[in-house]
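Asker: Once you've had a glance at the structure underneath, I'll fire off some questions.
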Amino acid sequence: MGGLLACNAGGVNVLRYGNARDLCLGLEVVFADGTVWHGLSRLRKDNTGYDLRNLIVGSEGTLGVITAASLKLVPRPAGEGTALMVVPDPEAALKLLALARDHMGEAVSAFELMSGMGLRFLEEKLPDLRRPFEEAPEWFVLIDVGLAKGLDPAEALEALFADAFEAELVTDGVIAQSEAQRHEFWEVREQIPEANRRVGAISSHDISVPLGEIAEFIRRADVHFAAMGDVRINCFGHLGDGNLHYNVFPAEGRTKADYLDRRDAIKTAVHDISHALGGSHSAEHGIGRLKVKDLVTYGDPVKIGIMREMKRVLDPKGILNPGAVLG
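Counting from -17, one number per residue, gives the positions in the sequence shown under my numbering.
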């Protein structure tokens, strides 16, 4: 749990429940000089000075070590449902998300965008995994909802599909009829990263852009890499919070080793496009050591300067996770 908070972990349900930061009420932290901050408050409101909790959450262990936390819990929904719906493009997927929220409000727990390339990778590398569609669509979404007692998730998803079909936002879909089928749908989403690993990405990216810019980001990035002609793109991610994993893979019959001379240029292109659209080059996986230079390239100089001062004050000898975030 300390690690999840230190990295401000996200995931598939951020749309409904927020990042780790949003579920944390208080912390106990050991600082570099051995002093301990006893901040295990359970208060929802506490405006008594600077917010040390949110300073430590997401600092990736560079400012202090989290040794205890008080967390906010939420009731598990009485009824849960899942559907896969085929959409013509990412723009239609965003409109479908808005429609889903019109139907069910905050009951939409997850809204995941996936591409046909992801399904083809699954077929290639994990052939035993059950396929949801006979032919891989170009784009589809996984919608997960959690409703209060007395409401039927399957009926709610059927009503959503009917309205979306009439609005030409979806062309096909399947709604889980059992918990086992819900698990099968989620396996498709959860195994995409494993299939990606087996194919071997040239460069993987964890970017975010404002929701209204998602379709434009994908369009610009696709145009850029189409000009290369010898790569494959698997774009998927958490559409509801603007977080995409736009990953670039070798053409069939080639390996990532064939592209080592272009790897940095590929990463820079993806990050430049997201930055130009007001996005971030690190949505949910942090800076670590891999993105230290990117932080300097795309970060606000004033913010980085303040971060360095915080590090100097709280860890003057640089003993906490040395090399991470600020190098």
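Even for Gly, the Cβ is constructed at its ideal location relative to N, Cα and C.
#1: Which one or two residues does DSSP pair with Y228 in a beta bridge?
#2: Enumerated in chain order, which unbroken segments of the alpha helix (DSSP H) with a length of 4 residues or greater are wholly contained in the stretch 122 to 160?
#3: Quick check: the stretch 88 to 106 against the stretch 152 to 161, are there 3 or more CB pairs under 8 Å?
#4: Thinking C-alpha only, which one of I189, N225 and A183 is nearest R214?
#5: Starting from G100, trace the alpha helix (DSSP H) both ways and give me its first and last residue.
#6: If I follow the unbroken beta strand (DSSP E) through E116, where does it start and stop?
#7: As a quick exercise: from F143, H220 and V205, pick the residue whose alpha carbon is nearest that of S190.
#8: Below 8 Å on the Cβ atoms is my contact criterion, and I expect L7 with R24 to pass it. Report the Cβ-Cβ distance as a whole number of Å.
#9: Measuring straight from C-alpha to C-alpha, what distance separates E234 and E166?
#10: Could you work out which residue in W168, K54 and S185 is closest to A239 when comparing CA atoms only?
#11: Please report how far the alpha carbon of T30 lies from the alpha carbon of V127, in whole angstroms.
#12: Going by beta-carbon coordinates alone, are L296 and G132 separated by less than 9 Å?
#13: Under three-state DSSP, which class holds L(-3)?
#14: By how many angstroms is the C-alpha of G21 removed from the C-alpha of L129?
#15: Just reading off the beta strand (DSSP E) that S256 is part of, what are its end residues?
#16: Quick check on F93: does DSSP put it in helix, strand or coil?
#17: Compute the distance between the beta-carbons of V307 and V274, then report whether it is under 9 Å.
#18: DSSP three-state call for D240: helix, strand or coil?
#19: From F122, H253, D84 and A2, pick the residue whose C-alpha is nearest to that of D145; which is it?
#20: Flag this pair as yes or no: are the beta carbons of L226 and F207 separated by less than 9 Å?
#21: Figure out for me which residue from C217, D282 and R164 has the closest Cα to the Cα of R201.
#22: So the alpha helix (DSSP H) T279 belongs to, where does it begin and stop?
#23: Taking DSSP as the reference, what is the three-state secondary structure of H20?
#24: Going straight from the alpha carbon of G40 to that of E148, what length do you get?
#25: For L151, which residues in the same chain have their Cβ closer than 6 Å to its Cβ, ignoring the five residues on either side in sequence?
#26: Out of G87, A65, D254 and D223, which one is the CA nearest neighbour of A136?
#27: Using a 10 Å radius around the Cβ and a threshold of 16 neighbouring Cβ atoms, would you call G100 buried or exposed?
Answerer: Looking at the atomic coordinates:
#1: C217
#2: Taken in chain order, the whole alpha helix (DSSP H) runs of length 4 or more contained in the stretch 122 to 160 are 135 to 148.
#3: no
#4: A183
#5: G98 to K107
#6: From DSSP, E116 is part of no beta strand (DSSP E); its letter is neither H nor E.
#7: H220
#8: Contact check for L7 and R24: beta-carbon distance about 5 Å, within the 8 Å limit, so the pair qualifies.
#9: Each residue's Cα considered, the two are about 28 Å apart.
#10: S185
#11: 37 Å
#12: no
#13: helix
#14: Computed Cα separation, rounded: 34 Å.
#15: Here S256 belongs to no beta strand (DSSP E); instead the alpha helix (DSSP H) covers R245 to A258.
#16: strand
#17: yes
#18: helix
#19: D84
#20: no
#21: Of the candidates C217, D282 and R164, the residue whose Cα lies closest to the Cα of R201 is C217.
#22: V274 to Y280
#23: strand
#24: 43 Å
#25: Cβ within range, chain order: A74, K77 and L78.
#26: A65
#27: buried
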